[in-house]
Every structure is written in structure tokens, then in C-alpha cells.
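Working notes, beginning with the structure itself.
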Amino acid sequence: MISWFKYNNYPIFWKEYSKKCKQKQPKSIENTRFVVFDTETTGLDIADDRILSIGAIGIFKNTIDVADGFEIYIKQNQFKAETVEIHGILKEGKLTKLSEAKAMENFIAYIGNAVLVAHHTAFDIAMINAALKRLNLPKLKNKTIDTGILYKKLEGKKESHFNLDVLCKEFNIPKHDRHTAAGDAFITALLFLKIISKLRKERNLHYSDLFRVSGKEGLL
Amino acid sequence: MKNTISERIFDFLKNYPPFNLISNATLLEVSQKVEIQYFEKDQIIFSQNDNPHEHFYIIYQGSVRLYRFVENEKHILDICDEGDLFGLRPLIMNENYVMGASANEETILYGIPIVLFHDIILNYPKVSQFLIASFATNTRDPFSEKHKGKLFANVSAIQKIDNSFAEIQSANYNRKPITCSSDTSIQTACIIMTKNIINSIIIIENDIPIGIITDKDIRTKIGTGLYKITSNVNEIMTSPVVTFPQNISVAEAQIMILKHKVSHLCITKDGTNKTALVGILTQQDLILTQGNNPSLLIKEIKNAKDTETLKHIRTKASELTKGYLEQEIPIYFVTKVISEINTAITKKAIRLSVSEIGKEPPVKFSWLALGSQGRKEQLLMTDQDNALVFENVTPAEYNGVKNYFMELAEKVTEKLNMVGFDYCPANIMASNPKWCISLEEWEQQFEEWITDPIAEKILLSIIFFDFELVSGDETLYNKMAESVFKTIEKNLIFLSFLGKITLDNPPPLGFFKQFLVEQDGENKDSFDIKSRAIRPLVDAARILSLHHNLKINNTIERYEKLMEAEPQNRDLFESCANAFKILLQFRTSQGLANNDNGKFVDINSLNKADRLKLKSCFKPIKNVQEAIKLRFKTSQIPQI
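Chains as they are written, first to last, in our numbering: chain C, 24 to 243; chain G, 329 to 968.
Okay, here's the thing in C-alpha cells:
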């Protein structure tokens with residue numbers, strides 16, 4: 024009862040989103056829309072830090088679709104001068120900035136029921152969920168893929184753990200706009216395509232393989 | 329909204345043609361619609377006969393192999409690298425791919441939506457020109473009229489792609505146009521036109537041009553009886569008029585005239601048809617603008633009193649060549665102009681020499697230009713190649729006559745050397761007693777070359793058979809030409825020998841990064857444009873012209889005549905002519921830039937567009953060589 028009551032109070036965009044997430048989805052890599060995204064934040068503390076910007080790009084049928092892109096900057100109440108030098112976003116820059124509420128609404132409408140992809144997904148998802156929580160909304164419902172974990176599925180990479188810079192080098196991806204959300208999202212998207220392509224070469228890759236945690240067999 | 333990703337794509341695309349020709353706003357729009365795909369080494373991008381994709385591709389990273397299966401055998405057509413375009417077929421015609429494409433190494437492609445390009449092609453003639461050239465590099469007959477007609481149907485702006493004018497020179501137009509009001513009778517208007525000796529009249533209302541009548545209207549509307557001469561001009565005038573602002577350049581004027589298929593442009597105050605008329609620009613005016621400078625130079629040559637003046641004029645002609653090339657004036661026009669100037673200089677040198685000797689020639693003679701000069705394809709200052717023929721004389725007279733012409737030739741070649749035409753290192757000059765002989769002797773010489781085709785004789789015939797009359801008696805020249813054709817007709821095997829030598833230099837396949845891709849898969853990094861591309865086309869034109877008894881030397885004209893002589897091979901010859909124009913232009917601009925004869929091209933110095941342009945010329949060479957191989961059965965000729 025309570026959940027129904029709560030649901031009814033959710034804004035329309037969230038209801039639309041929930042509806043989309045309940046739809047049955049094709050279980051093939053080809054026909055799945057992936058949204059590769061990245062967030063730039065004021066820091067690494069999920070509770071205290073805030074999202075400065077979100078960049079994302081869609082992949083469908085193994086193709087990065089630039090037209091299916093997303094890039095927003097969020098107005099800040101808190102501001103940490105020390106991280107500016109990493110992400111380059113000033114409190115009062117020239118960029119058009121949205122409120123956190125509006126930004127979340129746009130982002131939710133944009134992602135729909137796509138599978139979310141990020142490098143070290145957990146952090147970005149947690150930051151988004153924290154923002155949603157401040158808006159009295161539940162957590163994201165999307166399936167997620169971590170390119171860091173996906174990389175470990177490649178032969179001989181089980182124990183490796185690398186940041187985006189190292190992987191860019193290994194996969195020969197030019198590092199333009201590193202440390203901007205959209206730039207990192209784009210780099211991650213290329214990385215995602217390249218890893219998938221390599222996995223395909225190594226084995227008969229199924230949709231479900233993307234989500235299975237590597238090395239689980241060894242742990243159990 | 330900020331869009332980092334498409335900005336980055338924009339940054340990449342803007343470095344490569346044709347994207348560098350598009351306005352930033354449009355390119356940004358394109359960048360926002362790009363699709364990005366990744367391919368593993370050897371992964372297929374599309375296969376031969378596949379349905380066309382909705383995108384064409386530019387390589388962002390890696391390289392792509394284009395191939396074609398012919399009778400189950402795979403032929404590599406090309407290897408494209410970063411910045412290269414491929415998969416253009418669906419953009420040009422809605423047909424399945426005629427070749428396959430696969431990743432040569434791991435590759436990232438940007439897919440450019442074809443839908444977006446339809447408008448761009450309409451608005452940017454240079455883009456369509458470039459795309460056609462790119463497309464042509466991989467089609468069988470690049471530059472052929474047949475393709476051109478099909479490309480982007482209904483785009484009139486690109487119909488005349490060959491003559492891409494970028495002339496920045498402002499066009500001279502008539503600032504006092506003849507006008508009349510709309511209630512003038514046609515008869516009165518015609519009387520005004522006749523009185524002013526003009527072929528058009530503009531109908532104005534309060535100084536604003538509302539229509540135009542040209543000679544053609546009189547012909548098609550009055551002459552045919554559709555309208556009476558008592559009708560008013562507004563009944564037959566063409567309205568609205570095509571207008572342009574006052575600072576019109578020759579290039580813009582050309583484009584407007586081609587695009588709107590009109591012969592007259594109205595120049596108005598602000599360029600629209602809502603403001604006052606300030607002038608009229610006709611096709612005639614454009615022709616005059618272009619012909620202006622050279623005719624001045626020719627006049628100066630005629631008035632020159634000494635060699636120093638000739639030298640000065642020839643230097644000015646070099647400047648002119650440079651300017652023409654910068655302005656992308658069609659090469660055919662440039663070669664004509666420069667040849668005319670060179671001919672005029674030689675004529676003048678002969679006249680000056682005759683007066684120096686102080687004695688008129690004892691018998692009739694002709695001064696002949698050979699080689700590239702004979703073909704009227706000389707743009708840079710190159711060596712002189714010339715010869716002299718004089719009338720047949722009795723053995724008693726012979727020595728005296730020969731001595732006179734030897735003295736004359738000595739003086740003329742010396743003057744030409746002073747003007748800037750270096751002496752021929754092989755001494756193929758009229759001042760060489762071997763090449764200053766009577767008609768009879770020439771005929772014997774030709775016969776000897778043709779009936780006994782050993783390597784060195786064939787090489788001489790290649791130079792000498794492109795002889796052209798520069799000055800003197802035309803009958804002598806004609807008789808020489810006839811003797812060549814007659815002797816060849818009796819000894820057709822000679823053409824097979826000539827063909828064999830002609831085929832010694834096959835064109836390369838294309839470029840890959842800093843290298844030439846050779847047929848046998850080898851790479852080279854410098855390119856001898858003269859021997860590998862220009863000469864094969866010249867040689868092919870010569871042998872085919874000899875075969876058809878065509879008495880012309882100019883390679884472009886030869887191909888044009890061949891198009892008439894063999895309508896079934898029209899496309900082939902046309903593509904050869906166009907390739908030749910491009911190569912000649914290329915060699916000349918390289919030569920001017922490096923201050924040499926432009927023989928070698930440093931591939932590293934070429935940008936993408938240049939490489940593409942060059943590459944597009946290799947196909948016709950290959951095709952025409954194939955044709956020669958078959959026609960003259962050169963495979964039956966032993967190694968010469």
C-alpha cells in the first residue's frame with residue numbers, strides 16, 4: 024500500500040521510466056540500446072559530493088550514435104575548489120547549467136530502459152542514486168555493465184584492474200577530452216565496442232555473458 | 329547545448345576534404361549525426377553486391393581494404409587510410425556496392441548520413457566535385473560524362489565540374505546597361521538593341537530590373553510567330569532576372585551563369601532584384617576578362633625589338649601561368665595561352681634572326697616544334713625541341729641552302745636559349761645538321777624509323793612524330809605529316825612496337841600513407857609523375873592518333889578527336905583527357921612551387937585531396953593501356 028501510495032506521488036517522468044523498465048527487452052547485444060555514461064563530481068564521497076556534469080552516448084547495433092548523445096552541467100550549491108583542476112568546471116562558468124532536479128529528470132528520460140555502461144559503474148550509479156534520493160525518488164532500475172569488469176572477461180585479464188587511461192593505451196584509443204563527462208563517456212563507448220569485439224573473437228558471446236561477474240566460478 | 333563529442337568529431341572532420349569545404353555551422357550539424365563503428369582486423373564492413381548503407385564512411389583510425397571479386401578471384405583495388413572516404417556509391421546512385429570493404433587493421437569509422445549530404449551537395453559545388461572525384465577513383469571510368477550525368481541528378485551547378493573556376497579576379501561588367509520600360513513595344517526595343525549593337529535589353533521599373541529580352545527571345549518568340557512585334561516587351565521578357573551584387577568575381581559569375589543557365593546577369597545595388605540596376609554582365613564579358621592578359625603579351629611580343637624584351641615577356645608569361653593555376657583556370661585554356669605565347673616568341677626569334685643575316689631564306693622552309701612544345705602542352709620553361717624542314721632542292725643548290733638554314737637555326741636556338749628555353753641536352757634541335765634537312769630527307773628518315781623499329785629509333789619517332797608547325801610554309805609541314813601516315817599504313821606492325829614501348833610504364837594502384845601502392849604490392853615514396861602518369865597518356869594518345877591518321881598533336885585534342893572516331897570508347901577517352909588535364913595542372917603547380925620541371929612529386933608533401941586527385945588519374949591510364957595491349961597485340965612483340 025505504501026509503495027503504491029508513494030508511486031502515485033512520483034512525477035510523471037519517473038512513472039514513464041518505470042513503465043519502460045517493466046517492458047520486456049530483447050536479449051541480444053545487437054538489439055539492445057546501451058547508454059555509456061560518465062559523471063564528473065566534486066569528489067568521491069557519495070553522501071557529501073555532488074554531480075557536476077553528466078555525459079552519455081548511445082550504442083545500438085554495435086554503432087555509436089552521436090545523435091543519441093547527452094551532456095548536461097549541474098548548478099552547485101556546494102563547491103570544492105580543489106577538484107576544479109581535474110574536471111575544469113567552475114562554479115560560475117559560461118556553460119548553461121541545470122538544477123539537479125531538472126538534470127535528473129532529463130537524464131532519466133534520456134536513458135529509458137537502456138543498459139547503462141560506465142567505467143567503474145558502481146560509483147557513477149551511486150552518485151546518480153544519491154541525487155535521486157535527494158529528490159525522494161527510488162534508485163535506478165537499469166541493468167548495468169562495468170567496462171572495468173567486462174575487460175576482465177578477456178583471456179588472461181582476470182586479475183587485472185586498470186583505470187581508463189591505461190586501458191585507452193592498451194586499446195589505442197585517443198584520449199581527447201579526458202576528464203570531461205562527455206569525453207570520458209565517448210572514450211568508454213569506444214572501449215566498450217573494442218572489448219565486445221575482442222570477446223566475440225574469443226568465444227561465442229551471448230547477451231547474458233555481459234552481466235555475469237567474471238571469476239565467480241573461482242570464488243564459489 | 330554543449331556537445332563535446334560532436335565538437336571532437338567536428339575537429340576531426342574539418343581537417344579532411346570535403347568537410348573542410350563546408351561552413352562550420354553545417355559541419356557541426358553533420359557532426360551531431362555521425363555514427364561511429366569499430367571493426368576488428370579483417371572484419372567485413374560491406375560486401376560486394378550488398379544493399380547500400382544509409383551512410384558513407386570516413387576512416388577515423390586504421391585502414392580499410394577495398395576489393396572486388398572477378399570470376400571468383402579477389403582483386404585488391406585500394407587500401408584507404410585515415411581521412412579517406414569510401415562507400416560513396418549510395419550517395420551517387422542507388423545501386424548495390426560494386427566492391428567489398430573490410431578492415432585492413434583494427435579500424436574506427438565515422439558513418440556520415442547520406443540524407444544530410446543531399447542538401448550539402450546542392451549548396452556546395454566544390455563538395456560535389458570532390459565527392460565525384462573520390463567516387464571516381466574507384467569506378468571504372470572516372471570523370472566520364474556518363475557518370476557525371478548520373479551523379480546527384482538534377483544538380484545543374486555541378487554539370488560543368490571540369491571547369492571549376494575559383495577566379496578571384498573581379499569580373500568586368502557593363503556599367504551602362506541599355507534599358508527600356510515595360511510598355512515599350514518589342515519593335516522599339518529591337519531598334520534600341522540594334523542601334524547599340526547589343527544582344528539584350530533590360531526592362532526596368534523605377535530603375536529596378538524586372539525582366540530581360542535577349543536575341544534568343546526574339547528568335548524563339550517573335551521569329552516563330554508566337555508574338556507580334558507590336559506587343560509590349562513585358563509579354564516576352566524573361567522574368568525575374570538573375571541578379572548579383574557589384575563585387576562579383578569571375579568565378580561567381582561563371583557559377584551563376586551555369587547554375588541558372590542564363591547568358592546575362594543583372595548587377596544590382598545590393599544583389600537582389602529589388603534594388604536599382606547598376607550593370608549587366610554577359611558571358612562575352614567573362615571570356616574577354618580571361619583573354620585579356622595573354623593577348624596583351626602577344627602584342628608586346630609582336631612589337632619586341634630584341635631578345636631581351638622577349639625574355640622579359642616570357643618571364644611575365646610564367647607569372648601568368650602561376651596566377652592561372654592559383655585561380656584554378658582550366659588547364660586546357662592555360663596550355664593554349666602559354667603555347668600561343670611560346671609560338672609567338674619563336675616566330676619573333678626567327679624574324680629577328682632573318683634580319684640579322686640580312687638575307688631572306690633562299691627557299692621555303694618550316695620551323696617545327698617537337699615533343700611537348702609540338703603538342704602545345706608546355707607550361708614550364710623546358711628544353712627546346714625543334715627541327716627544320718626546307719624545300720627539296722637540286723644537289724647543286726643543296727649546300728648553299730643548307731648552310732643558310734643552319735645559320736638561321738643557330739641564331740634562333742641561341743635566342744630561345746637566352747629567352748629561357750635551355751638547349752636540348754640530346755641536341756634535338758634545328759641547329760643540329762641531322763635535324764635541319766630537306767623534305768625528301770625527312771621522308772627517308774621517317775621511313776627508316778618506321779620500317780626498322782629498334783628501340784632508339786622508336787624513341788626518336790616518339791619525339792619527332794609530335795611535330796607542329798610554328799612558322800613558315802604549311803605545305804611542307806603537311807607533306808611531312810602525310811609521309812608519316814602513309815608509311816605507317818604500309819607498316820602497321822610499327823604501331824605494335826610503339827605500343828610495346830608505350831606500355832613500359834604501368835600506373836601505380838594508388839597511395840597508402842606515404843607510399844605508392846604498386847600493382848605488385850610494393851611501396852615507393854616518390855613519384856615520377858612525368859614518366860608514370862603523363863607520358864603514358866601522351867603515348868597512348870599518339871599511337872591511337874597515328875592509327876586513325878589524326879593530324880593533331882595536342883593530347884587533349886587527340887582524345888577529343890578519338891572520342892569522335894570511336895564513339896564506343898567515348899568514356900575511356902574522355903576519362904583519359906580529364907586525367908591528363910589534372911596531371912598537367914599538377915605537374916605545373918609542383919614545378920612552379922619547387923622551381924623545377926615538376927617531374928618528381930614528393931608524396932609526403934601531398935595533402936589528402938591532392939593524393940585523391942592524383943589517384944583518380946591512374947585508372948584511365950590503366951584502362952587505355954589495356955586497350956592498346958589488345959588492339960596492337962603488343963604481347964606478340966618480342967622485348968625491344
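Quick reminder that beta carbons are idealized off the backbone N, C-alpha and C, glycines included.
- For a Cβ distance threshold of 8 Å, residue set GLY92, GLU94 and ALA205 of chain C lies close to G:ASN331, ordered along the chain.
- Straight-line measurement puts the Cα of G:SER509 at about 51 Å from the Cα of G:GLU705.
- In this structure, G:LEU804 places its C-beta atom within 8 Å of the C-beta atom of G:LEU767.
- With its beta carbon less than 8 Å from one in chain C, G:LYS361 belongs to the interface.
- For the stretch 67 to 88 of chain C, residues whose beta-carbon sits nearer than 8 Å to a beta-carbon of chain G comprise GLY78, ILE80, ASN85, THR86, ILE87 and ASP88.
- Under a 10 Å Cβ-count criterion, G:ILE373 is classified as buried, with 16 or more other Cβ atoms of the shown protein chains found around its own Cβ.
- Taking every protein chain shown into account, the CB of G:THR552 has fewer than 16 other CB atoms within 10 angstroms, so this residue is exposed.
- Here G:PRO537 is bridged, per DSSP, to G:ILE532.
- Scanning chain G for C-beta atoms nearer than 7 Å to the C-beta of C:LEU216 yields TYR366, reported in chain order.
- When DSSP states are grouped into helix, strand and coil, G:GLU796 belongs to the strand group.
- Contact annotation: C:ASN165 and C:ALA124 have beta-carbon atoms that are not nearer than 8 Å.
- Taking 9 Å as the upper bound on Cβ-Cβ separation, chain C lies near residues GLU434, ILE436, TYR438 and GLY439 of the stretch 424 to 440 of chain G.
- DSSP places G:ASN731 in the uninterrupted alpha helix (DSSP H) bounded by 723 to 747.
- Annotated as distal: G:SER351 and G:PHE338, with beta-carbon spacing of 8 Å or more.
- Assignment of beta-bridge partners to G:PRO441 by DSSP yields G:HIS383.
- Excluding five sequence positions before and after C:GLU53, the CB atoms of its chain that fall closer than 8 Å to its own CB belong to LYS84 and ASN85, given in chain order.
- Taking G:ALA758 as the centre and dropping the five residues before and after it, the same chain places the C-beta of ASN714, ALA715, LEU716, ALA737 and CYS764 closer than 6 Å to its C-beta, in chain order.
- C:ASP147 has its alpha-carbon roughly 21 Å from the corresponding atom of C:LYS43.
- If you look at G:GLN773, you'll find it in the alpha helix (DSSP H) that goes 767 to 779.
- Closer than 7 Å at the C-beta level to chain G, one finds no residue of the stretch 48 to 69 of chain C.
- For C:VAL138, the three-state secondary structure derived from DSSP is strand.
- Put simply, the CB of G:SER351 is far from chain C, with every gap to its CB atoms at 8 Å or more.
- Nearest to C:ALA126 by C-alpha distance, out of C:ASN152, C:ALA141, C:VAL140 and C:THR167, is C:ASN152.
- Taking C-beta atoms under 8 Å as the contact rule, G:THR779 and G:ASN731 fail to qualify, at a distance of about 31 Å.
- Contacts between G:ILE337 and chain C, judged by CB atoms closer than 8 Å, involve VAL89 in chain order.
- Residue environment analysis places C:GLY66 among the exposed positions, since fewer than 16 neighbouring C-beta atoms fall within 10 angstroms of its C-beta.
- Short of 7 Å from the beta carbon of G:ASP378, and not among the five residues preceding or following it, lie these beta carbons of its own chain, in chain order: ASN424 and TYR425.
- In chain order, ILE557 and THR558 place their CB closer than 7 Å to the CB of G:GLN515, counting only its own chain and leaving out the 5 sequence neighbours on each side.
- As DSSP reads the structure, G:ASN714 sits in a beta bridge with G:ALA697.
- Taking C-alpha positions only, G:ASN935 is separated from G:LEU911 by approximately 15 Å.
- Note on geometry: alpha-carbon atoms of G:VAL590 and G:LYS523 lie some 23 Å from one another.
- Per the C-alpha coordinates, the member of G:ASN560, G:ASN534 and G:ASP535 positioned closest to G:ILE541 is G:ASN560.
- For C:ASP200, the neighbours in chain G by C-beta distance under 9 Å run, in chain order, THR332, ILE333, GLU335 and ARG336.
- Going by beta carbons, C:ILE74 and C:ALA154 fall inside the 8 Å limit.
- Against chain G, the beta carbon of C:PHE209 has neighbours under 8 Å at THR332, ILE333 and ARG336, listed in chain order.
- With 16 or more other Cβ atoms from the protein chains shown falling within 10 Å of its own Cβ, G:PRO453 counts as buried.
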